[in-house]
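Protein chains in written order, with the numbering used here: chain P, 126 to 384; chain A, 536 to 881; chain W, 8 to 299. Structure first, then comments.
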Amino acid sequence: MAALLSLTGVTKRFGGVAALDGVTFDVDDGEILGVIGPNGAGKTTLLNCVSGVHRPDAGAITFAGIPLRGLAPHRVARLGIGRTFQVVKPFASMTVRENAAVGALFGASRLPPGRAFAAADEVLELVGMADKRWQPVASLTIPDRKRLEVARALATRPRLLLLDEVMAGLNAVEVDEALDMVRTVHGSGVTIVLIEHVMRVVIGVCQRVVVLHFGQMLAEGRPAEVLRDPRVVEAYLGERYAKRAGSAPTSPPGAADAS
Amino acid sequence: MSFSIAPTAEGRRLRRLLLLIFLIALVLVLLAPLTSTDQADTMGLPELVDRAQLRILTTIAMFVVLASAWNLVGGLTGYGSFGNVAFFGLGAYTCAVVVDTHRLHLPLAMGIALAPVVPAAFAVLVGLPLLRLRGHYFAIATLGTAVAVGEVVKNIEFLGGATGLFPPILRRADLLFLYLMVAAAAIAVIVTRLVLRSRFGYGLIAIRENEDAAQVIGVNTTAHKVVAFAIAAALSGLAGGIFALWNSFIDQSLGFSLDFNIQMILMAVLGGAGTLFGPVLGAVVLELLIQVLAGRSDVAVYAQIGLGLLLAITVLFVPRGIVDFLGGSSRLSWAHLRRSLRETGV
Amino acid sequence: MTLLLQQIVLGLLVGGVYVAVAVGFSLVWGILNIVNLAHGAMIITGAYLTWWLFATYHLDPFLSLPVVAVVLFAFGYLLQRVLVNRVIRAPLFFTLLLTFGVNLVLVNLLLLLFKSDFRSVTPAYSGSGIGIGGVQVPYIRLAALAVALLVAVAVAVLLNRTRTGAAIQAVGADRDAARLVGIDLRHVYALTFAIGAACAGIAGALISTTQAITPTAGEPYTLQAFVVVVLGGLGRVGATVVGGLLFGLIETLGQTMVPGLGAGWANAIAFAILVLVLVVRPQGLMGLGRPQ
Chain P
126 MAALLSLTGV
136 TKRFGGVAAL
146 DGVTFDVDDG
156 EILGVIGPNG
166 AGKTTLLNCV
176 SGVHRPDAGA
186 ITFAGIPLRG
196 LAPHRVARLG
206 IGRTFQVVKP
216 FASMTVRENA
226 AVGALFGASR
236 LPPGRAFAAA
246 DEVLELVGMA
256 DKRWQPVASL
266 TIPDRKRLEV
276 ARALATRPRL
286 LLLDEVMAGL
296 NAVEVDEALD
306 MVRTVHGSGV
316 TIVLIEHVMR
326 VVIGVCQRVV
336 VLHFGQMLAE
346 GRPAEVLRDP
356 RVVEAYLGER
366 YAKRAGSAPT
376 SPPGAADAS
Chain A
536 MSFSIAPTAE
546 GRRLRRLLLL
556 IFLIALVLVL
566 LAPLTSTDQA
576 DTMGLPELVD
586 RAQLRILTTI
596 AMFVVLASAW
606 NLVGGLTGYG
616 SFGNVAFFGL
626 GAYTCAVVVD
636 THRLHLPLAM
646 GIALAPVVPA
656 AFAVLVGLPL
666 LRLRGHYFAI
676 ATLGTAVAVG
686 EVVKNIEFLG
696 GATGLFPPIL
706 RRADLLFLYL
716 MVAAAAIAVI
726 VTRLVLRSRF
736 GYGLIAIREN
746 EDAAQVIGVN
756 TTAHKVVAFA
766 IAAALSGLAG
776 GIFALWNSFI
786 DQSLGFSLDF
796 NIQMILMAVL
806 GGAGTLFGPV
816 LGAVVLELLI
826 QVLAGRSDVA
836 VYAQIGLGLL
846 LAITVLFVPR
856 GIVDFLGGSS
866 RLSWAHLRRS
876 LRETGV
Chain W
8 MTLLLQQIVL
18 GLLVGGVYVA
28 VAVGFSLVWG
38 ILNIVNLAHG
48 AMIITGAYLT
58 WWLFATYHLD
68 PFLSLPVVAV
78 VLFAFGYLLQ
88 RVLVNRVIRA
98 PLFFTLLLTF
108 GVNLVLVNLL
118 LLLFKSDFRS
128 VTPAYSGSGI
138 GIGGVQVPYI
148 RLAALAVALL
158 VAVAVAVLLN
168 RTRTGAAIQA
178 VGADRDAARL
188 VGIDLRHVYA
198 LTFAIGAACA
208 GIAGALISTT
218 QAITPTAGEP
228 YTLQAFVVVV
238 LGGLGRVGAT
248 VVGGLLFGLI
258 ETLGQTMVPG
268 LGAGWANAIA
278 FAILVLVLVV
288 RPQGLMGLGR
298 PQ
């Protein structure tokens with residue numbers, strides 16, 4: 126399958142610290158890729174580099190063959206990459222429906238105002254927020270705000286959706302519901318890159334996983350294998366657990382639900 | 536005391552009724568000045584509006600333009616500029632230079648037609664660096680721009696230097712300027728409405744609500760901001776151009792008046808920043824208030840103190856503007872006031 | 008050469024006043040995130056208070072500094088506690104409007120009380136100075152520089168070495184966390200603003216000795232305070248000192264190098280510096296904070 130998104134040697138420094146150092150991997154068209162790593166590993170920086178918020182100091186990023194490095198965020202969005210933020214950023218004084226509609230007005234969608242609201246309704250249906258569409262944002266719960274964030278990004282008609290810790294702060298039931306939403310979104314034909322800490326999610330929905338540690342690639346492969354890799358366990362939990370993980374059955378002790 | 540027009544079916548009917556009353560009143564107010572023409576005289580109609588009142592009406596119309604223009608950048612986009620008077624002044628000076636007999640000496644209509652152009656070009660030029668700033672920095676930088684431009688203009692002989700410029704005096708033209716200014720006001724309101732319903736307008740509001748989010752969903756924030764700035768500049772410049780001709784005189788203290796500057800901001804905020812009719816309402820209410828204050832005392836000081844107090848009252852008690860009570864979701868009651876103070880206070 | 012040296016010395020002396028002008032402004036901005044558009048009015052109020060004490064009781068302007076500081080402190084505390092505290096969590100723009108309103112009221116009250124005639128404070132030693140190696144250093148300006156630096160040091164010591172200062176810095180860093188550890192926000196906010204007002208008052212007292220004052224003479228100082236803070240950088244007293252002295256130097260040297268420059272150009276120069284710094288180095292020369 127062709128690579129939709131391709132990173133080669135991506136490096137980004139802040140001051141003297143390399144937040145990303147020579148990161149190289151591909152995202153295949155139609156897959157769900159997980160990006161994991163301990164806090165400070167550079168996951169959000171990676172997202173920011175792809176979506177145009179940061180400009181990498183070295184390396185190349187291509188999307189459907191188009192080089193992304195140096196493009197402004199709105200250009201990247203227009204090419205068909207959508208993203209959500211870890212701390213959600215809704216348009217606070219608008220209703221749910223209007224938030225989604227704004228997404229449909231811009232991005233790769235660029236519908237005229239007349240059709241944008243119908244598109245918004247479709248997207249809200251997809252993420253399960255259709256019954257709340259007239260509510261003002263201020264009255265939404267956290268899980269719903271996250272859904273709205275995803276809906277707004279979806280309304281821009283992306284080919285690739287970058288989700289930044291969309292499960293953070295959700296309880297077990299809410300995580301299950303969010304997992305369903307991710308599967309539904311993926312089913313509608315969107316390639317997804319998922320930054321996550323909740324291992325249950327990573328194992329449950331990701332086809333492949335990439336592990337970052339101190340800005341560098343640590344491991345890459347199928348979730349079950351990667352999570353058993355002693356280097357990965359050591360990065361998250363330290364040497365002691367790494368030794369134990371060598372003889373563990375399917376997932377390392379304590380690594381599940383490390384959120 | 537409690538007063539609200541909530542967005543229920545009954546509320547909407549009431550709001551439509553209010554709007555109708557407002558429009559009828561507007562038409563009457565705009566037709567009344569015609570009673571001071573010669574034709575009205577020959578028809579035996581009483582003169583309903585005298586010269587002083589004509590001046591007030593024209594001034595109100597001017598501020599409708601200025602407040603609406605400010606609203607585009609400050610209210611819709613969330614970039615509260617403290618220097619829009621610079622565009623007013625540039626428009627006034629452009630018109631004055633264009634029609635001046637010793638300078639370009641072009642017809643008056645050309646003066647008005649060109650008045651929006653120079654400010655708009657200036658807005659694009661300074662907008663690109665300035666609109667990268669946010670919050671306090673943007674406010675003060677725009678204030679500094681207005682002050683600096685005024686200083687520069689005062690020192691250029693071609694622009695009249697410290698004395699100013701004297702466009703030709705038009706006799707018996709009060710009505711003409713009233714209707715010119717009203718036309719400009721109508722343009723300002725129509726432009727605002729068109730913007731509010733367009734993709735461009737939604738982009739501006741998105742920038743106000745969350746600029747980072749707006750960027751990643753595909754809004755070209757720089758282009759949006761600069762265009763809004765240019766439109767505001769063009770409208771303000773138009774008002775300035777008409778003012779220069781109406782007043783038959785323009786100098787730095789008039790064209791770049793910090794008084795005008797703060798008044799247009801207060802009008803937009805008092806009326807309701809970000810709304811369509813907020814600036815209109817604010818211009819009417821505040822200008823009438825100012826005229827009342829100015830009439831009661833010949834000491835400008837009291838009017839200024841009144842203005843300062845009004846600023847404080849607006850910010851504390853009516854931050855979302857009068858329009859919010861007339862069709863928004865707020866109720867004018869003590870409970871509401873206490874609640875909003877609790878939200879914004881510490 | 009002596010002329011250049013004279014200009015540099017004068018620039019530093021003028022810069023001293025700018026340091027005094029900007030210290031309070033920087034504190035209020037840095038901790039409360041309030042750009043106080045009434046700052047100039049508070050400065051000129053301090054100037055008028057000094058003048059009044061001098062004209063009525065023949066009190067030396069430098070001796071009336073404590074009085075002016077206390078009066079402005081009380082005024083600032085009340086203003087913040089009663090008014091500004093109520094809108095501090097509203098969008099930034101509203102505090103700008105509110106302080107602008109306070110500015111209008113203050114300046115016009117002064118106009119009512121004192122009319123717009125120019126006043127000046129001229130103690131006996133006004134014209135004299137000392138000569139060091141061919142450079143004339145007026146006593147008054149030297150004293151003004153000394154006072155300004157003392158005020159800056161005092162504020163720095165207060166912030167860094169006292170419990171109150173720690174509370175102030177905590178509130179500036181994270182309002183909610185400060186509240187959680189038991190800091191009375193309303194009081195600390197009012198205290199911070201009061202200190203800023205007191206500094207403004209002191210600056211006004213110094214200004215009354217170096218120039219003629221009129222109620223509207225405070226306006227340029229607000230913009231200049233802003234420029235000094237942007238130039239030096241927000242966050243540290245030392246940055247404001249550097250910014251103030253530098254600003255004084257630029258202004259003085261600028262006026263000698265371009266003789267045709269009238270008084271009105273001071274504003275234009277200030278603004279040009281502002282835009283230059285914001286475009287080239289937004290965090291200022293020594294700044295800690297993010298510019299936006």
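Every residue gets a Cβ at the ideal spot worked out from N, C-alpha and C, and that includes glycine. Every value quoted in this text rests on a predicted model; they were computed, and no experiment measured them.
Asked                                                                                                           : Found
Listed by chain order, chain A residues near P:THR281 by CB distance under 8 Å                                  : ILE752 and GLY753
Closer than 8 Å to chain P by CB, A:GLY738                                                                      : yes
Where W:TRP36 falls, given that 16 or more other Cβ within 10 Å makes a residue buried                          : buried
CB of P:ILE317 within 8 Å of CB of P:LEU279, strictly                                                           : no
Helix, strand or coil at W:PRO227 [DSSP, three-state]                                                           : helix
Three-state secondary structure (DSSP) of A:ASP884                                                              : Any property of residue 884 of chain A remains undetermined from this structure, which presents chain A solely from 536 to 881.
Span of the alpha helix (DSSP H) around W:PRO145                                                                : W:PRO145 -> not in any alpha helix (DSSP H); beta strand (DSSP E) instead, spanning 142 to 145.
Per-residue contacts from A:VAL836 into chain W (C-beta, under 7 Å)                                             : ASN115, LEU118 and LEU119
CA nearest to the CA of A:PHE598, picked from A:THR636, A:VAL834 and A:GLY772                                   : A:GLY772
The stretch 213 to 232 of chain W / the stretch 36 to 54 of chain W touching (three or more Cβ pairs under 8 Å) : yes
Reduced DSSP category for P:MET342 - H, G, I as helix; E, B as strand; rest coil                                : strand
Under 8 Å between C-beta atoms of W:ALA185 and W:LEU192                                                         : yes
Unbroken alpha helix (DSSP H) run spanning P:LEU145, endpoints                                                  : Run containing P:LEU145: none in the alpha helix (DSSP H); it sits in the beta strand (DSSP E), 142 to 153.
Nearest residue (CA-CA) to A:LEU611, options A:ALA720, A:ALA767 and A:VAL633                                    : A:ALA767
Backbone secondary structure at P:PHE139 - three-state DSSP                                                     : strand
W:VAL24: first and last residue of the uninterrupted alpha helix (DSSP H) it sits in                            : 9 to 39
Integer Cβ distance of P:ILE206 from P:GLU321, believed to fall under 8 Å                                       : With a Cβ gap of about 18 Å, P:ILE206 and P:GLU321 do not count as contacting.
Alpha-carbon to alpha-carbon, P:LYS214 and A:ASN745                                                             : 7 Å
Environment of W:ARG297 [buried if 16+ CB atoms lie within 10 Å]                                                : Note that W:ARG297 scores a pLDDT of 49, beneath 50, so its modelled location is shaky; the value from the coordinates is reported in the next line. W:ARG297 should be labelled exposed.
Sub-8 Å separation of A:LEU846 and W:GLY291 beta-carbons                                                        : no
Under 9 Å (Cβ pairs) to chain W, residues found in the stretch 666 to 680 of chain A                            : ARG667, LEU668, ARG669, GLY670, HIS671, TYR672, PHE673, ALA674, ILE675, ALA676, LEU678, GLY679 and THR680
Between the CA atoms of A:ALA575 and A:LEU565 - distance to the nearest angstrom                                : 15 Å
When P:SER218, P:LEU286 and P:LYS257 are compared against P:PHE175, the one with the closest alpha-carbon       : First, the residue type needs correcting, since residue 175 of chain P is Val and not Phe in the sequence shown. Answer by Cα proximity: P:LEU286.
Extent of the continuous alpha helix (DSSP H) run through W:ALA207                                              : 192 to 217
Between the CA atoms of A:LEU713 and A:ARG707 - distance to the nearest angstrom                                : 12 Å
Per-residue burial, P:TRP71 [other beta carbons within 10 Å of its own, 16 or more giving buried]               : For residue 71 of chain P there is no data in the structure shown, the boundaries of chain P being 126 and 384.
Minimum Cβ-Cβ distance from W:ARG88 to chain C less than 8 Å                                                    : Reference to chain C is not applicable here, since the protein chains of this structure are P, A and W.
Beta bridge counterpart(s) of P:ARG208 as assigned by DSSP                                                      : P:LEU287
Residues within the stretch 181 to 200 of chain W neighbouring chain A, beta-carbon criterion of under 7 Å      : LEU192, ARG193 and TYR196
Cβ pair W:ALA151, W:GLY23 closer than 8 Å                                                                       : yes
Partners in chain A for W:PHE107, counting only beta-carbon separations shorter than 7 Å                        : ILE797 and LEU846
Identity of the residues DSSP links to W:ARG126 by a beta bridge                                                : W:ILE220
DSSP three-state assignment for A:LEU561, whether helix, strand or coil                                         : helix
Contact belief for A:PHE764 with A:VAL620 at Cβ below 8 Å, rounded distance in angstroms                        : No, A:PHE764 and A:VAL620 are not in contact; Cβ-Cβ is about 14 Å, not under 8 Å.
Nearest candidate by alpha-carbon position, reference P:ALA255, set P:ALA225, P:LEU236 and P:ASP154             : P:ALA225
Pairwise C-alpha distance: P:ALA128 and P:VAL152                                                                : 6 Å
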